[in-house]
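Novice: These protein sequence lines are chains A and B, in that order.
Everything in the first sequence is counted per the UniProt record's numbering, starting at 1 for the first residue and increasing by one.
Everything in the second sequence is counted per the UniProt record's numbering, starting at 1 for the first residue and increasing by one.
There are 2 protein chains.
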Amino acid sequence: MTQRFLKLGAFLSGNGSHGGSWRLPGVAPDAGTSFDLYRHVAQKLEAGKFDALFMNDTVSVPELDPHVLARNPQAVRWDPLTLLPALAVVTRHLGLIATANTTYNEPFTLARRFASLDQLSGGRAGWNLVTSLGGGENYNRDDHVLHAQRYERAEEFFNVITGLWDSWEDDAVVGDKDSGIYLDVDKLHVLNHKGPHFQVKGPLNAPRPPQGYPVLAQAGSSDPGRELAARTADLVFTAAQTLEEAQAFIRDVKGRAAKYGRHPDSLKVLPGVSVITAPTQAEAQAKYDQLQDLLDPAASLKGISNFINIGVDLSAHPLDGPVPLPDVIPETNTHKSRQRLVLDLIRRENPTIRQLFRKLTAGGHRILIGTPETVADDFAAWFHQGGADGFNIMFSHLPGGVDDFVDLVVPELQRRGLFRTEYEGRTLRENLGLARPGNRFADGGKRRA
Amino acid sequence: MTQRFLKLGAFLSGNGSHGGSWRLPGVAPDAGTSFDLYRHVAQKLEAGKFDALFMNDTVSVPELDPHVLARNPQAVRWDPLTLLPALAVVTRHLGLIATANTTYNEPFTLARRFASLDQLSGGRAGWNLVTSLGGGENYNRDDHVLHAQRYERAEEFFNVITGLWDSWEDDAVVGDKDSGIYLDVDKLHVLNHKGPHFQVKGPLNAPRPPQGYPVLAQAGSSDPGRELAARTADLVFTAAQTLEEAQAFIRDVKGRAAKYGRHPDSLKVLPGVSVITAPTQAEAQAKYDQLQDLLDPAASLKGISNFINIGVDLSAHPLDGPVPLPDVIPETNTHKSRQRLVLDLIRRENPTIRQLFRKLTAGGHRILIGTPETVADDFAAWFHQGGADGFNIMFSHLPGGVDDFVDLVVPELQRRGLFRTEYEGRTLRENLGLARPGNRFADGGKRRA
Numbered sequence: 001m002t003q004r005f006l007k008l009g010a011f012l013s014g015n016g017s018h019g020g021s022w023r024l025p026g027v028a029p030d031a032g033t034s035f036d037l038y039r040h041v042a043q044k045l046e047a048g049k050f051d052a053l054f055m056n057d058t059v060s061v062p063e064l065d066p067h068v069l070a071r072n073p074q075a076v077r078w079d080p081l082t083l084l085p086a087l088a089v090v091t092r093h094l095g096l097i098a099t100a101n102t103t104y105n106e107p108f109t110l111a112r113r114f115a116s117l118d119q120l121s122g123g124r125a126g127w128n129l130v131t132s133l134g135g136g137e138n139y140n141r142d143d144h145v146l147h148a149q150r151y152e153r154a155e156e157f158f159n160v161i162t163g164l165w166d167s168w169e170d171d172a173v174v175g176d177k178d179s180g181i182y183l184d185v186d187k188l189h190v191l192n193h194k195g196p197h198f199q200v201k202g203p204l205n206a207p208r209p210p211q212g213y214p215v216l217a218q219a220g221s222s223d224p225g226r227e228l229a230a231r232t233a234d235l236v237f238t239a240a241q242t243l244e245e246a247q248a249f250i251r252d253v254k255g256r257a258a259k260y261g262r263h264p265d266s267l268k269v270l271p272g273v274s275v276i277t278a279p280t281q282a283e284a285q286a287k288y289d290q291l292q293d294l295l296d297p298a299a300s301l302k303g304i305s306n307f308i309n310i311g312v313d314l315s316a317h318p319l320d321g322p323v324p325l326p327d328v329i330p331e332t333n334t335h336k337s338r339q340r341l342v343l344d345l346i347r348r349e350n351p352t353i354r355q356l357f358r359k360l361t362a363g364g365h366r367i368l369i370g371t372p373e374t375v376a377d378d379f380a381a382w383f384h385q386g387g388a389d390g391f392n393i394m395f396s397h398l399p400g401g402v403d404d405f406v407d408l409v410v411p412e413l414q415r416r417g418l419f420r421t422e423y424e425g426r427t428l429r430e431n432l433g434l435a436r437p438g439n440r441f442a443d444g445g446k447r448r449a
Numbered sequence: 001m002t003q004r005f006l007k008l009g010a011f012l013s014g015n016g017s018h019g020g021s022w023r024l025p026g027v028a029p030d031a032g033t034s035f036d037l038y039r040h041v042a043q044k045l046e047a048g049k050f051d052a053l054f055m056n057d058t059v060s061v062p063e064l065d066p067h068v069l070a071r072n073p074q075a076v077r078w079d080p081l082t083l084l085p086a087l088a089v090v091t092r093h094l095g096l097i098a099t100a101n102t103t104y105n106e107p108f109t110l111a112r113r114f115a116s117l118d119q120l121s122g123g124r125a126g127w128n129l130v131t132s133l134g135g136g137e138n139y140n141r142d143d144h145v146l147h148a149q150r151y152e153r154a155e156e157f158f159n160v161i162t163g164l165w166d167s168w169e170d171d172a173v174v175g176d177k178d179s180g181i182y183l184d185v186d187k188l189h190v191l192n193h194k195g196p197h198f199q200v201k202g203p204l205n206a207p208r209p210p211q212g213y214p215v216l217a218q219a220g221s222s223d224p225g226r227e228l229a230a231r232t233a234d235l236v237f238t239a240a241q242t243l244e245e246a247q248a249f250i251r252d253v254k255g256r257a258a259k260y261g262r263h264p265d266s267l268k269v270l271p272g273v274s275v276i277t278a279p280t281q282a283e284a285q286a287k288y289d290q291l292q293d294l295l296d297p298a299a300s301l302k303g304i305s306n307f308i309n310i311g312v313d314l315s316a317h318p319l320d321g322p323v324p325l326p327d328v329i330p331e332t333n334t335h336k337s338r339q340r341l342v343l344d345l346i347r348r349e350n351p352t353i354r355q356l357f358r359k360l361t362a363g364g365h366r367i368l369i370g371t372p373e374t375v376a377d378d379f380a381a382w383f384h385q386g387g388a389d390g391f392n393i394m395f396s397h398l399p400g401g402v403d404d405f406v407d408l409v410v411p412e413l414q415r416r417g418l419f420r421t422e423y424e425g426r427t428l429r430e431n432l433g434l435a436r437p438g439n440r441f442a443d444g445g446k447r448r449a
């Protein structure tokens, strides 16, 4: 039996998920829009045998308050499906996962982009399916589409896009020069989809992707999000502050998979974690403190208040006072599961605003500050106790956070036999130990075991 | 005064615009979906100092008739906005122009993609704005949107996308580490567009493109197409079988520019031409004949019949008989100007079906078979007599057609002082001799002279 390794994804956002990262000494201030930075990071991740890098995305500038906006480098950012093709050329093994939303895109368009990226990268593409955190105002609407409608559309979007990827069977391109036959038209399947949200005839004007379908990732952890993940996802990203939360999430989402005829191992669950590491605990803590000191508290608290949306502007309350929870928590149209996680955290730990703020500088994901040994201990505990199939590492700052992790933590994980020393396969699916999906028209609609 | 050179664009489509190209000896049969082919071609074009490569696109498989489809390698193809970012990494000077339609895309999405490509390539992106030849069936419709509506939408699309590119002034990203100010919010302009087709608030979540706006190309030659080009285009692609047609087109489209406050030199008109060249005329003719022999006449005639849409299936008539023009030519929803060009050709030359077929294997563009000297003579005549600012070379076969042109014709053009020996500038706009557009919010809405 093949040794079971944990999976590692790299979550990249601007030049670091921490709002102070761009102000660190030695980092070019515009590094978040510099291709050189991303090339370095991608090649370093590949040297560290990461499964994939994963780019987040938004289709709006979420907060126009001048005080917040002036301090938000991620208000201007890369389009993931433009940057990843460029990174495909400068890497050979690393998976390349782009976030793209199902609410303000059309399935034919995304089917083509991901099919082309999969082709270009030799089977290393992944799609992080989201329903978007906003953006209606840029797509002919007054407001963001409501949560329930977004998930209905996402379910149908998945059916259409996979149907388009199945337009041609794997061996439909024959290219027989003698006869002049380029395509075997008996291996063409016209979709003819008509549903509540989409009417798409097909076929796609692209060959079937090398991986059958690009690896499908899903990050929504609300109830409809879990259901969609259980039915469709290969990779599931989630946020969990404690091992118990992570265990409960994994049991739940893998438990839901059975009714869709899927084996629990066909979903890999990767909790997000922000790792700040150095040879000693004191040095690691100093790195984190340096980042924290570069944040503007008022701007950060306003950003966090919008993000968790509990009906309070935390920037208007004393930093060292308690978090003023209102009696009635408003219904939120985005970040449903993140709102719940933060409410649980507040009720569990009763932090001051300052303490809460320090815990939420990775978007609600866990922050782990430690030596390579203590980080590896933590990863091993979660991995062996059913809390994680691996981790999505939220890099607080680039390129330093990636360099530290690959140089310090990866060798320690490898030494303990927790992580690969060579890529096992050629495609992202092969490296993740995931089956290649069959073609619904040719293989009876089953995923191959 | 700087010497006036002709401009050269390279039209790339699959592994050649000629339907027989993939069957040539020595060409990998799946080369049209091979990145290695495109990398070779792009680097060769750059060695030949081409201004830009230009990828065409469609959002459907236009003809599902099995006899035609089986012989159509371009039924499966690259997404241009996925391939061009990859080519940006392996080139340094070449312009990269992607076709994208305004009928089935949203301006916010395309604004981001082209802004990112312009950033990634250091100011070498171009957008070939089309209203699409079809695809409604893949975008929630029973039929393709009608011509007049498509152009109305295109006009508004242009206003929105350029407004989004102007969201941030050129120097809005300040990145001042000391103060923690990343963006100068006084240089933000929220679009707040509300029109008949689009409601888009903005701002774009990307910096202003290095070129201000990517180079805008336009290929529609119908009356609304010419109007749109006169108002918006930097580059105009067109099809002309004779110098007189080209001269009349240039006079017309540049003449229309004045009413939009534009100088005639701010539009560069590039007629398409398919060049088959070799050291001797006999060798060049033999290359072309070899390609022609690789076409299936019935499939090709059916394709041509659809394309020119004059109400006759040419494949059902004798090859050596006259072209049976019906008394009433049907109104066409696509290729309006191409239909007119072909009707003019038939009435002027009264060809047999076989002769017409041989003239239309480059999509209605002129086919020039000659030595480097005769090709250069032809180019010089068109260039000096007001028939062209340069040419969009339709490469019949890849990579051979590109290798031949760069190795044989380019040196001859350079020897005559008709073409550059070094790139003049850093961006595509600079190489084309085009002004950088000002920001409508900051520079009074004027293009800089």
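A virtual CB, placed ideally from N, CA and C, is assigned to each residue, including glycine.
If you're wondering where the values come from, they're calculated on a predicted model, not measured in any experiment.
What do you reckon, is the C-beta of A/P214 under 8 Å from a heavy atom of the ligand MG?
Specialist: Questions concerning the ligand MG fall outside what the structure shown contains, since it holds no ligand whatsoever.
Novice: Excluding the 5 residues flanking B/G387 on each side, which residues of the same chain have their C-beta closer than 6 Å to its C-beta?
Specialist: Excluding positions up to five away in sequence, the list reads L243, A246 and Q247.
Novice: Please work out which residues of its chain come closer than 8 Å, Cβ to Cβ, to B/N306, disregarding the five sequence neighbours upstream and downstream, and give them in chain order.
Specialist: Answer for B/N306: P62 and E63, listed in chain order.
Novice: Name the residue from A/P411, A/A111 and A/P437 whose alpha carbon lies nearest to the alpha carbon of B/Y139.
Specialist: Taking only the C-alpha atoms, the option nearest B/Y139 is A/A111.
Novice: What in chain A is Cβ-close to B/P207, meaning under 8 Å?
Specialist: Simply T33 and V76.
Novice: Taking Cβ positions, are A/Q241 and A/G370 nearer each other than 9 Å?
Specialist: No, these two residues do not count as a Cβ contact at 9 Å.
Novice: Spell out whether any CB of chain A is found under 9 Å from the CB atom of B/Q199.
Specialist: Yes, because at least one Cβ of chain A sits closer than 9 Å to the Cβ of B/Q199.
Novice: Going along chain B, which residues have a C-beta under 7 Å from A/P29?
Specialist: Simply G175 and K177.
Novice: Nearest to B/K49 by CA position, among B/D289, B/V410, B/H317 and B/L343, is which residue?
Specialist: Residue B/V410 is the option with its Cα nearest to B/K49.
Novice: Contact check, A/A88 vs B/A172 under 8 Å by CB: the rounded distance?
Specialist: At roughly 30 Å, the Cβ-Cβ gap does not stay under 8 Å, so A/A88 and B/A172 are not in contact.
Novice: According to DSSP, is B/L84 part of a helix, a strand, or is it coil?
Specialist: Of the three classes helix, strand and coil, the one that applies to B/L84 here is helix, per DSSP.
Novice: Whole-angstrom Cβ separation of B/L81 and B/T102, contact assumed at under 8 Å?
Specialist: Between B/T102 and B/L81 the Cβ distance is about 14 Å, and since that is not below 8 Å, they are no contact.
Novice: Entirely within the region 157–242 of chain A and at least 4 residues each: give me those alpha helix (DSSP H) ranges in chain order.
Specialist: Fully enclosed alpha helix (DSSP H) runs of 4 or longer: 223–232.
Novice: Count Cβ pairs between the region 330–344 of chain A and the region 393–406 of chain A that sit closer than 8 Å; are there 3 or more?
Specialist: Taking 8 Å as the limit for Cβ pairs, the verdict is that the region 393–406 of chain A does not touch the region 330–344 of chain A.
Novice: Who pairs with B/V130 in a beta bridge, going by DSSP?
Specialist: B/N101, per the DSSP bridge assignment.
Novice: Specify whether the region 326–337 of chain B and the region 352–360 of chain B touch according to this definition: at least 3 beta carbon pairs, one from each stretch, less than 8 Å apart.
Specialist: With a cut-off of 8 Å, the region 352–360 of chain B and the region 326–337 of chain B do not count as touching, because too few Cβ pairs lie within range.
Novice: What residue range is occupied by the uninterrupted beta strand (DSSP E) comprising B/I276?
Specialist: Taken as a continuous stretch (DSSP letters only), the beta strand (DSSP E) holding B/I276 covers K268 to T277.
Novice: Measure the C-alpha to C-alpha separation of A/A442 and A/D265 and round it to an integer number of angstroms.
Specialist: Approximately 24 Å, taken between the alpha carbons.
Novice: Figure out for me which residue from A/K287, A/V236 and A/R231 has the closest Cα to the Cα of A/Y260.
Specialist: Measuring from the Cα of A/Y260, the nearest candidate turns out to be A/R231.
Novice: In or out: B/N192 buried (at least 16 other Cβ within 10 Å) or exposed?
Specialist: Per the 10 Å Cβ criterion, exposed.
Novice: Going straight from the alpha carbon of residue 451 of chain B to that of A/G255, what length do you get?
Specialist: Since the displayed chain B opens at 1 and closes at 449, residue 451 of chain B lies outside it and no answer follows.
Novice: Reducing DSSP to helix, strand and coil, say where A/T371 ends up.
Specialist: Three-state result, A/T371: coil.
Novice: Report all residues from its chain with a CB closer than 6 Å to the CB of B/R124; omit the five preceding and five following residues, and keep chain order.
Specialist: Around B/R124: G95, L96 and L428.
Novice: Is the region 139–148 of chain B touching the region 51–60 of chain A in the sense that three or more CB pairs, one from each, lie closer than 8 Å?
Specialist: Verdict: no, contact absent.
Novice: To which residues does DSSP link A/R366 through a beta bridge?
Specialist: Answer by DSSP bridge pairing, in chain order: A/V273.
Novice: Whose Cβ in chain A lies nearer than 7 Å to the Cβ of B/Y182?
Specialist: The answer, in chain order, is W22, A70, R71, N72 and P73.
Novice: What distance in whole Å lies between the Cβ atoms of A/P437 and A/G212, which are believed to be in contact at a cut-off of 8 Å?
Specialist: 4 Å between Cβ atoms; contact.
Novice: Can you give the Cα-Cα distance for B/L325 and B/R366, rounded to whole angstroms?
Specialist: Those two C-alpha atoms are separated by around 22 Å.
Novice: Give the straight-line distance between the Cα atoms of B/Q218 and A/A75, rounded to the nearest whole angstrom.
Specialist: C-alpha separation (whole angstroms): 31 Å.
Novice: Within the continuous alpha helix (DSSP H) that includes B/K336, where are the two ends?
Specialist: Start and end: K336 to E349.
Novice: Under 8 Å Cβ to Cβ from A/D320, same chain only, skipping five residues before and after it: list those, please.
Specialist: Once the five neighbours on either side are set aside, the close Cβ partners of A/D320 are T352, I353 and R354.
Novice: Please tell me whether B/G95 has its Cβ less than 9 Å away from any Cβ of chain A.
Specialist: With 9 Å as the cut-off, B/G95 does not count as an interface residue toward chain A.
Novice: Rounded to whole angstroms, what is the Cα-Cα separation between A/A115 and A/P203?
Specialist: Distance between the alpha carbons of A/A115 and A/P203: 13 Å.
Novice: Label A/N350 either buried or exposed according to how many other C-beta atoms from any shown protein chain fall within 10 Å of its C-beta, with 16 as the threshold for buried.
Specialist: Exposed, since its Cβ has fewer than 16 Cβ neighbours within 10 Å.
Novice: Mind checking if A/Y139 is an interface residue toward chain B, Cβ cutoff 9 Å exclusive?
Specialist: At least one chain B Cβ lies under 9 Å of A/Y139.
Novice: So what does B/F391 bridge to, in DSSP terms?
Specialist: Per DSSP, B/L8.
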